[in-house]
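This report refers to the structure that appears directly beneath it.
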Amino acid sequence: MARKRRNDILDRLMAKLSLRGALLHPATLYLCSSALVLFLAIGCWQRYGHRIIDHEAMALTPEKIHLPAQPTWSRTDLRQLVLGDTADPAYVAPSIMDSTLVPQTVSALRSVGWIEQIDRVEKSKAGLEIDLTYRQPVAVVEITGAAQKGRLKPKPQLLHIDRTATLMGGGVANSAEDFLRISIHQPMYMDQLIAWSQWQDVRIQQAAAICDAVKDDWKPMGLYRLMTWRDRSNASDRRIPFQFWTNMGQRTGVRIIWGNAPGFELPGEAAPPQKIEALRAYVAKHGRFDDDKMSDRTLDVRSGAAVLLGDHQHAKRSLHHRSLPR
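Sequential numbering from 13 applies to the sequence shown in this note's numbering.
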């Protein structure tokens, strides 16, 4: 009896392992039917998909491209750039269904110098959602004298740069008076400058960062120029500070010893927010720095407080004896 039972179990096991048993197994039947349905669906889509999709509704148009308002001075129409040459008789509008639409859009936007960063490009039935950070000029670099070769006492050349010291291309219509002036002795790497490239002179890079930090405050305070006495041989010497000047002349105007660029402060030197607050408090109490009654004085804000060092001659002697106010 026991032997017969074992034989029955073996027969059932062998039946399950047979080809017929494997083919007729429920799991096998399920997989085969699913594959067949999928195959038929792909075939039907390839043959009849164009009749199912409303291609006109999926066509990308300017109204379906959503991005931040372009700078007023920009010339390139970004929507037109994404769409391509619509004047071409053979033009076909891009499709929102196209899997290459997003990477092609990113590639096109990267060719625009005044786009600082592409934050997001996403597509949906509604179109393209694009988030961008545009370059904005924060200062003009003043090129004078020996920096301009072959000319006798030339008129200063003013070059717009953004917060990263990237040279802005043509089209910036804002007056130079709308920006701080950066004065650097014999700027370096001018022969390497092209539009939308970063100026490699570390003094200009750090000056641009300072101008960006005070972009909302310099004009109401009556400041005009950012300069440093660093030259080519000591361009990275943080012991030689950046200074703000007013537009009242080198001998009579107000000078403000700012210090170093954000992230390059010396030990004990305050961060930009503390320096700016000190300047705001001083202006609130004494008036704008370009007021006639404020002439011939030097302030030091490197400690985070506006320390009056006296007139320029006294301040010059004082600065020789200390690197930071105590």
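We put the CB at the ideal spot given by N, CA and C, even for glycine.
Closest by C-alpha distance to residue i, when choosing among the options
i, options, result
"Arg255", "Ser315, Lys231, Gln169, Trp270", "Note that residue 255 is Gln in the sequence shown here, rather than Arg. For the residues Ser315, Lys231, Gln169, Trp270, the minimum Cα distance to Gln255 belongs to Trp270."
"Arg175", "Gln198, Ile155, Met109, Gln148", "Gln148"
"Val133", "Leu121, Trp126, Val152", "Leu121"
"Ser86", "Ile127, Pro232, Leu48", "Ile127"
"Leu238", "Val49, Arg300, Lys227", "Lys227"
"Gly125", "Lys135, Ser111, Lys137, Tyr146", "Tyr146"
"Thr73", "Gly139, Ile130, Thr112", "Gly139"
"Gly265", "Pro115, Leu235, Ala220", "Leu235"
"Gly316", "Phe301, Lys297, Pro80, Glu277", "Glu277"
"Gln198", "Arg244, Asn259, Asp303, Asp224", "Arg244"
"Trp208", "Leu52, His172, Val94, Arg300", "His172"
"Met260", "Arg300, Asp131, Asp224", "Arg300"
"Glu189", "Thr178, Met180, Lys231", "Lys231"
"Thr178", "Thr156, Val152, Ser195", "Val152"
Local Cβ density within 10 Å of residue i, reported as buried at 16 or more and exposed below that
i, result
"Arg44", "For the record, residue 44 in the displayed sequence is Cys; it is not Arg. Classification for Cys44: exposed."
"Trp241", "exposed"
"Leu192", "buried"
"Pro253", "buried"
"Arg338", "In this predicted model, Arg338 has a pLDDT of only 43, less than 50, meaning its place in the structure is not dependable; the value taken from the coordinates is given anyway. Exposed."
"Glu281", "buried"
"Tyr294", "buried"
"Ile268", "buried"
"Arg251", "exposed"
"Ala318", "buried"
"Gly275", "exposed"
"Arg215", "buried"
"His78", "exposed"
"Gly182", "exposed"
"Gln92", "exposed"
"Leu320", "exposed"
"Gln218", "buried"
"Thr310", "buried"
"His333", "Confidence is the limiting factor: at His333 the pLDDT is only 49, short of 50, which leaves the residue's position unreliable, though a coordinate-based value still follows. It is exposed - the Cβ of His333 has fewer than 16 other Cβ atoms within 10 Å."
"Lys137", "exposed"
"Thr84", "exposed"
N- and C-terminal bounds of the alpha helix (DSSP H) containing residue i
i, result
"Thr264", "It is not in any alpha helix (DSSP H) - Thr264 carries neither H nor E in the DSSP assignment."
"Leu233", "Contrary to the premise, residue 233 reads as Met rather than Leu in this sequence. It spans 230-233 - the alpha helix (DSSP H) in which Met233 sits, taken as one unbroken run."
For residue i, the first and last residue of its enclosing beta strand (DSSP E)
i, result
"Thr310", "309-312"
"Met202", "No beta strand (DSSP E) contains Met202, which DSSP labels as neither H nor E."
"Gly224", "It is Asp, not Gly, that sits at residue 224 in the sequence shown. Where Asp224 is concerned, there is no enclosing beta strand (DSSP E), although the alpha helix (DSSP H) it sits in stretches over 214-225."
"Ala151", "151-155"
"Leu144", "139-146"
"Gln286", "Not the beta strand (DSSP E): Gln286 falls in the alpha helix (DSSP H), residues 284-298."
"Val319", "319-322"
"Ile194", "192-195"
"Arg237", "237-240"
"Gln255", "254-257"
"Leu170", "169-173"
Specify whether the segment 92-111 and the segment 167-174 touch according to this definition: at least 3 beta carbon pairs, one from each stretch, less than 8 Å apart.
Touching, no.
I'd like the ranges of any alpha helix (DSSP H) spanning at least 4 consecutive residues and lying wholly in the segment 74-127.
90-95, 113-122, all fully within the segment 74-127.
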